[in-house]
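The structure under discussion appears below in the form of structure tokens.
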Amino acid sequence: MVTKKPKVVIIGAGMAGLTAANKLYTSAGSKEFIEICVVEGGNRIGGRIITSEFVGSRIEMGATWIHGIGGSPVYKIAQEINSLHSEKPWECMDEFLDDPFTIAEGGYHLNSSLVDPICNLFKNLMDFAQGKPNVQFPQSNIGNLSIGSFLKKGLDAYWGSTKEQEETLGFDNWTRKSLEEGIFAMLENTQRTYTSAGDLETLDFNAESEYRMFPGKEITIAKGYSTIVESLASVLPVGMIQLGRKVTKIEWQPDDGENCDVTMPVKIHFFDGSIMYADHVIVTVSLGVLKQGIRDNTGMFSPPLPRFKTEAISRLGFGVVNKLFLQLSPNRDEAMKFPNLQMVFHQSDSKLRHPRIPWWMRRTASLCPIYGTSNVLLSWFAGKEALELESLSDEEIIDGFSTMISDLLENTKNNTHDLCNGHANSAIKFDKVLKTQWATDPLFLGSYSYVAVGSSGDDLDSMAEPLPKRSNHSFNSPPLQILFAGEATHRTHYSTTHGAYFSGLREANRVLQHYHYIDI
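Per the working numbering, the very first residue in the sequence shown carries number 1; after that it's consecutive.
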């Protein structure tokens with residue numbers, strides 16, 4: 001008698017899904033007793049990892065950084081496949097550029113004596129929030145704050161301990177306090193892109209200290225982030241990954257003791273009308289897709305997900321971060337390097353704002369070359385500004401950046417820096433732009449997760465809980481019908497590719513342990 005092989009269907013061929021498939025397939029002997037299939041709704045593998053090219057340089061449209069090389073599985077894979085070196089130029093190949101060149105609206109160059117104290121304050125506040133050792137904050141009763149409200153309290157405390165806030169600095173329309181507020185806002189906007197929280201008032205303070213970073217420097221991958229997922233997929237046999245297979249419904253059997261089928265209990269419906277049966281389904285779709293499923297009652301799961309799962313999905317945050325690449329006109333002086341530009345703008349309630357600088361640019365913190373000598377510039381957007389960017393034409397984007405650059409660089413005052421003088425003498429023009437569009441991509445509906453006010457790390461654990469949920473009561477339905485992986489299911493490494501990697505390993509191991517076959 002031939003024993004039927006249990007079938008595992010993995011939904012999504014991103015980092016989590018491919019890691020799970022790789023683990024299941026390569027565990028010694030498992031390919032003989034487990035049938036594996038990966039279904040991907042798009043026409044490529046990689047998910048939120050996609051390496052591309054823009055005017056001759058290798059760029060990342062999705063995941064960009066290895067966040068700390070000490071202990072990172074992504075770094076280990078990149079080393080093993082020799083992806084950390086390349087003859088072709090790539091994004092952030094020199095890791096970090098020269099010291100930033102900070103300009104305030106109106107064209108005022110801010111020297112380090114103005115910028116550094118606020119940068120140090122912001123860093124200390126975030127270090128405290130993240131639970132780093134030997135960092136003190138004078139206010140002990142912090143309570144249940146958001147990161148945004150905590151940072152505001154920190155800035156207010158700083159102002160309370162300093163004088164001359166209204167001191168004039170020889171800058172039209174700027175006081176010391178308004179400049180410090182603008183610099184602080186610039187740093188907050190960078191933090192928005194790190195976390196994907198469009199508003200830091202929605203980012204939970206207490207959960208921030210649970211997030212874990214790997215030690216060591218942060219680097220990009222010379223041959224591209226896509227080489228990591230390509231490596232994971234390379235061991236899988238042809239046909240195991242099926243592209244263009246968009247799932248519309250997952251039918252499963254809850255533990256209610258009724259109509260339970262012990263063979264292939266999960267039924268997967270596809271957009272083309274086809275059906276697939278499975279013993280276990282590992283769902284790796286983004287939190288954005290899961291949110292849409294419960295918000296719009298699309299019937300993605302039948303019966304619907306249990307309350308503990310839908311509440312976790314609803315409470316957690318899932319934001320949008322987009323990248324914008326701009327090519328400088330080749331007609332400019334080729335010997336002139338564009339600065340690593342930091343931008344300080346008047347606040348939203350100020351009447352002193354330049355009327356032609358569009359609102360969607362005013363919470364963008366930086367504009368810099370993708371590497372030191374590149375003529376490709378990069379800017380990051382988060383929240384509603386990132387969403388607006390997706391709707392703009394290339395012409396509207398170029399016009400907005402040209403207006404801003406004209407105000408900041410070409411009119412730079414009280415400055416002797418060659419960079420700005422050079423740009424003032426030859427108007428900066430942009431030829432091409434390339435933007436990411438994660439919010440409106442129906443396969444993702446955003447970028448990555450964060451712990452929102454009202455949620456906690458417990459919700460991330462609930463995201464990882466398989467269905468049907470086991471209890472102390474007797475049960476009749478087959479176990480581990482639906483498992484969940486992806487960055488939004490990892491309590492301490494959410495929002496990262498390595499978090500997705502760890503979650504894929506976790507769910508693959510859960511299946512292997514279920515069959516008493518685990519290759520540690």
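We treat Cβ as the ideally placed atom computed from N, Cα and C, and that holds for glycine.
{"Query": "Alpha carbon to alpha carbon, how far is residue 219 from residue 474? Give it in angstroms, no decimals.", "Result": "Interpretation of residue 474 is limited by its pLDDT of 46, a score under 50 that renders its predicted location unreliable; no figure is taken from the coordinates."}
{"Query": "Label residue 111 either buried or exposed according to how many other C-beta atoms from any shown protein chain fall within 10 Å of its C-beta, with 16 as the threshold for buried.", "Result": "exposed"}
{"Query": "Between the Cα of residue 346 and those of 179, 252, 134 and 461, spot the shortest distance and give me the residue it belongs to.", "Result": "179"}
{"Query": "Which runs of the alpha helix (DSSP H) fall wholly inside the segment 187 to 242 and span at least 4 residues, in chain order?", "Result": "226 to 234"}
{"Query": "Cutting at 7 Å between CB atoms, please list the residues of its own chain near residue 499, excluding the five before and the five after it.", "Result": "487, 490 and 493"}
{"Query": "Going residue by residue through the segment 261 to 337, where are the continuous alpha helix (DSSP H) segments of at least 4 residues, counting only ones entirely within it?", "Result": "287 to 295 and 307 to 315"}
{"Query": "Roughly how far, in whole angstroms, is the beta-carbon of residue 326 from the beta-carbon of residue 433, given that I think they are within contact range, below 8 Å?", "Result": "5 Å"}
{"Query": "Going by Cα to Cα distance, which pick from 21, 305, 82 and 89 is closest to residue 370?", "Result": "89"}
{"Query": "Just mark residue 103 as buried or exposed, buried being the case when its beta carbon has 16 or more other beta carbons within 10 Å.", "Result": "buried"}
{"Query": "Under three-state DSSP, which class holds residue 248?", "Result": "strand"}
{"Query": "Under 8 Å: do the segment 178 to 194 and the segment 302 to 316 share three or more Cβ pairs, one atom per stretch?", "Result": "no"}
{"Query": "Taking DSSP as the reference, what is the three-state secondary structure of residue 109?", "Result": "strand"}
{"Query": "Since residue 205 and residue 129 should fall inside the 8 Å C-beta cutoff, what is the C-beta to C-beta distance between them, to a whole number of angstroms?", "Result": "6 Å"}
{"Query": "Under a three-way DSSP split, which group does residue 513 fall into?", "Result": "helix"}
{"Query": "Taking a contact to mean a Cβ-Cβ separation below 9 Å, would you say residue 34 touches residue 515 in this structure?", "Result": "yes"}
{"Query": "What residue from 279, 376, 73 and 238 has the CA that sits closest to residue 482's CA?", "Result": "279"}
{"Query": "Between the segment 502 to 512 and the segment 287 to 296, do at least 3 Cβ pairs fall closer than 8 Å?", "Result": "no"}
{"Query": "Could you please give the first and the last residue of the uninterrupted beta strand (DSSP E) stretch that includes residue 380?", "Result": "376 to 382"}
{"Query": "Determine which residues share a DSSP beta bridge with residue 344 and list them.", "Result": "104"}
{"Query": "Return the CA-CA distance between residue 366 and residue 83, expressed in angstroms with no decimal places.", "Result": "28 Å"}
{"Query": "When burial is assigned at 16 or more other CB atoms within 10 Å of the CB, is residue 43 buried or exposed?", "Result": "exposed"}
{"Query": "Less than 9 Å between the beta carbons of residue 118 and residue 195, yes or no?", "Result": "no"}
{"Query": "Have a look at the DSSP bridge pairing and note the partners of residue 58.", "Result": "53 and 90"}
{"Query": "Go ahead and pull the three-state DSSP assignment for residue 450.", "Result": "strand"}
{"Query": "Run through DSSP, which three-state label would residue 418 get?", "Result": "Reliability fails at residue 418, whose pLDDT of 44 lies under 50, so the model's placement of it is uncertain and no value is given."}
{"Query": "Suppose you measure from the CA of residue 216 to the CA of residue 496; what does that come to, to the nearest Å?", "Result": "16 Å"}
{"Query": "Work out the CA separation of residue 401 and residue 391 for me, nearest whole Å.", "Result": "16 Å"}
{"Query": "Looking only at its own chain, which residues have a Cβ that is under 8 Å from the Cβ of residue 329, when we skip the five neighbours before and after it?", "Result": "428, 429, 430 and 431"}
{"Query": "Hey, how far is the Cα of residue 418 from the Cα of residue 451?", "Result": "Note on residue 418: pLDDT 44, under 50, position unreliable in the model; the coordinate value appears next. Cα to Cα, residue 418 sits roughly 44 Å from residue 451."}
{"Query": "Between which two residues does the beta strand (DSSP E) holding residue 434 run?", "Result": "430 to 435"}
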